[in-house]
Ligand code: NAI
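Numbering (my numbering), first residue to last: 31 to 369.
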């Protein structure tokens, strides 16, 4: 059995990290067939839209994609490729596991948390208006249906993975209707999961506790903008953006991508850490194993995970996490540890 998967190399460091990851996946025997499609500036350069219909159709067809970061050009009326992709394909749950890795320095140990972010509404709905010159507004949207499905996702995820607690970050003291709805619905959904603890925190206090004692957190549930910001904060707790993977999941489709962006400051220099995209690919293989019952995917995922753990354990790292390897050098180190 092999699985067709859409590969979007992306922009900036995207093509570099994607090439490294594809090589590792191949050497690990991952049963995948790539269908390469473009998005972002790379798609514009080919004369298309930033999110071409062929790319969307390919993901609708395969159901699964691995995506490098895409640059959204500033100005010029371009909407974010990433926001558009998630909304168009209804990838409503962003899941970002954050944990310490052996050999990666961090101010804290014992971190093993998961950020579950609502991916389709909130302030990222893109409803902005100029009321009059000098006065602009942005509409924050919350719907019962979207709040309910992301809460359900978070509690089901916690239950399936033997996690103990879901902590909701909110600002319902100020945004009484929108965050109030998010909070109330999370409480209602929790009634179906009595074995899991529900904790609620106003987000400012929650962020303080995150940087004081992150190991106390388990599953974090929040709306779109908060999840975007808190994901990067959490990445910083375990070594940075180079080591945190992510998945955008809907009921029928899934797009796996790192939390980081296209890093134009280091693009083309061989400095990018491919680990975050590699870890996202491992999540993708486990997703394929779960949804299609393919044990070969689970085995390839396990092989890659022990490969990068072993490489990191003996100090083989890229510069962003204190090592001296370039992108390809780290890929070779992982490949050298595949059993
Ligand atoms: P960024 O995540 O690209 O970079 C922030 C900092 O982290 C930079 O100093 C960069 O060099 C470093 N960094 C990021 N990934 C790294 C890696 N794998 N290895 C080593 N260092 C790494 O965030 P920034 O600069 O705010 O955004 C740049 C572009 O990326 C923007 O156009 C933004 O819209 C886009 N972006 C795309 C995302 C996606 O496609 N999912 C997510 C976030 C941003």
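Heads up, the beta-carbon is just placed ideally off N, CA and C, and yes, glycines get one too.
8 Å CB neighbourhood of residue 52 in its chain, flanking five on each side removed: Within the same chain, and ignoring the five residues on either side of residue 52 in sequence, the residues whose Cβ sits closer than 8 Å to its Cβ are 37 and 64.
Candidates 310, 39, 285 and 249, of which the one nearest residue 25 by Cα: This structure cannot speak to residue 25, because the chain is shown only from 31 to 369.
Exposure of residue 298, with buried meaning 16 or more beta-carbon neighbours within 10 Å: The residue in question, residue 298, is exposed, as its Cβ has fewer than 16 Cβ neighbours within 10 Å.
C-beta contact flag for residue 188 and residue 223 at 9 Å: yes
Whole-angstrom distance between residue 128 and residue 268, CA atom to CA atom: In this model, residue 268 and residue 128 are separated by some 7 Å (Cα to Cα).
In chain order, each beta strand (DSSP E) run of at least 3 residues that lies wholly inside the segment 216 to 241: 227 to 232
Simplified DSSP assignment, three categories, for residue 101: coil
Status (buried if at least 16 other CB within 10 Å, exposed otherwise) for residue 76: exposed
C-beta atoms of residue 306 and residue 144 nearer than 9 Å: no
Reference residue 202, options 138, 113 and 216, closest by Cα: Relative to the Cα of residue 202, the nearest Cα in the group 138, 113 and 216 belongs to 216.
Three-way DSSP call (helix, strand, coil) for residue 348 in this model: strand
Terminal residues of the beta strand (DSSP E) in which residue 36 lies: 33 to 38
Beta-carbon contacts of residue 255 that lie in its chain and below 6 Å, excluding the five residues immediately before and after: 152 and 153
Closer than 8 Å: residue 267 CB and nearest the ligand NAI heavy atom: No, the beta carbon of residue 267 sits no closer than 8 Å to any heavy atom of the ligand NAI.
Residue 357 - partner residues in DSSP beta bridges: DSSP, once it has assigned bridges, lists no residue as partnering residue 357.
Check whether residue 270 and residue 351 have beta carbons under 9 Å apart: yes
Closer than 5 Å to the ligand NAI: residues, by C-beta to nearest heavy atom, in chain order: Those satisfying the condition are, in chain order, 99, 100, 101, 102, 112, 271, 272, 290, 291, 292, 293, 295, 296, 302, 303 and 350.
Other residues of its chain near residue 174: CB distance less than 7 Å, five sequence neighbours each side excluded: 211 and 215
Beta carbon proximity, residue 207 to chain B, threshold 9 Å: Here chain B cannot be found, since the structure has a single protein chain.
Limits of the unbroken beta strand (DSSP E) element including residue 252: For residue 252, the uninterrupted beta strand (DSSP E) run begins and ends at 249 to 252, by DSSP.
Neighbour-count burial assignment, residue 207, 16 or more Cβ in a 10 Å radius: exposed
Short Cβ contact (9 Å threshold) for residue 134 with residue 342: yes
Boundaries (first-last residue) of the beta strand (DSSP E) holding residue 62: 62 to 66
Cα-Cα separation, residue 166 to residue 308: Roughly 41 Å separates the two Cα atoms.
When 228, 54, 90 and 74 are compared against residue 35, the one with the closest alpha-carbon: 90
Touch test, the segment 91 to 100 against the segment 272 to 287, Cβ-Cβ under 8 Å, three pairs minimum: Enough Cβ pairs lie closer than 8 Å, so yes.
CB of residue 196 within 9 Å of CB of residue 234, strictly: no
Rounded C-alpha distance that separates residue 250 from residue 231: 10 Å
The alpha helix (DSSP H) enclosing residue 138, as first and last residue numbers: Looking at the DSSP string, residue 138 is not in any alpha helix (DSSP H), and its letter there is neither H nor E.
Between the CA atoms of residue 340 and residue 163 - distance to the nearest angstrom: Looking at the two C-alpha atoms, the distance is approximately 58 Å.
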